[in-house]
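Residue numbers (our numbering): 69 to 322.
Accompanying notes for the structure given below.
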């Protein structure tokens, strides 16, 4: 399935006059980059794994951390502002929940990449990759995360495998510390934030199916009556059968 060309906005040009809109833009960009990183992480140890994929993972991960830092600063400043209106604060709390959830997903995928990097080291030529059957390039996915048109270049640093593991371990600890710090600075409990908005609504297909069923029932109300009559008839037949069986048993026992 071809990827849509939706570019992720940069942390520098995502802006608005309202703090809530700025935070929304940053977190929305972070969510997209984390999704791209998860897609790339799923290719670790598979047919498409290699130095190019590891370099794309590194670049995407760095981009996600840049957006995470910018989002945290914007959200922390907004939620600690006592003059923030109530409606804006509620909206900021929703954005904060999305931000913290995305950051945890990023941390989880980084740990996965670190573990898979140890199991499938590029320097270990005796360890074969898993033949997952996945084909194609991951350049378009990484380009979406980095807001670049193309990443076909030969600027991959030497010994990517060794640098990847050492740098990744440090970055995992950094993201883990970021998650811990944000929970201490801002006291927003996730279960106290009420879900709302169109993203939490029921799918349109489900509503359409429900409306279609209701319209069918309204057009042909006799079907419900027919079903009720059939059920009552079957119930009476069952009772009659049981009565006949009991009477036969009584006759034979007598």
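All residues carry an ideal CB built from backbone N, CA and C; glycine is no exception.
Next item on the list: Could you please give the first and the last residue of the uninterrupted alpha helix (DSSP H) stretch that includes residue 254?
Entry: That residue, residue 254, is in no alpha helix (DSSP H); it is neither H nor E in DSSP.
Item checked: When 317, 297, 180 are compared against residue 111, the one with the closest alpha-carbon -> Answer by Cα proximity: 180.
Margin query: Tell me which residues share the same chain as residue 236 and place their Cβ nearer than 6 Å to its Cβ, disregarding the 5 neighbours each side in the sequence.
Written below: Within its own chain, the residues whose Cβ lies closer than 6 Å to the Cβ of residue 236, once the five positions on either side in sequence are excluded, are 182, listed in chain order.
Margin query: To the nearest angstrom, how far is the alpha carbon of residue 162 from that of residue 117?
Written below: Approximately 36 Å, taken between the alpha carbons.
Item checked: Spatially closest choice to residue 164 from 129, 131, 316, 88, by CA coordinates -> Taking only the C-alpha atoms, the option nearest residue 164 is 88.
Notebook entry, point to check: Which of helix, strand or coil does DSSP assign to residue 116?
Noted result: The answer is coil: DSSP assigns residue 116 none of H, G, I, E or B.
Notebook entry, point to check: Mapping DSSP to helix, strand and coil, what is residue 89?
Noted result: Residue state, collapsed to three classes: helix.
Margin query: Suppose you measure from the CA of residue 216 to the CA of residue 249; what does that come to, to the nearest Å?
Written below: Unreliable placement is indicated for residue 216, whose pLDDT of 40 sits below 50; no coordinate value is reported for it.
Check: Going by C-alpha distance, which of 147, 107, 132 is nearest residue 251?
Finding: Taking residue 251 as reference, the option from 147, 107, 132 with the minimal CA-CA separation is 147.
Notebook entry, point to check: Using the C-alpha atoms, what's the distance from residue 166 back to residue 158?
Noted result: Linking residue 158 to residue 166 through their CA atoms gives a straight-line distance of about 13 Å.
Margin query: Mapping the DSSP letters down to three states, classify residue 148 as helix, strand or coil.
Written below: Here residue 148 sits in coil by DSSP.
Next item on the list: Give the C-beta separation of residue 9 and residue 108 to the nearest angstrom, bearing in mind that I take them to be a contact with Cβ-Cβ under 8 Å.
Entry: Here the chain covers residues 69 to 322 and nothing more, so residue 9 does not appear.
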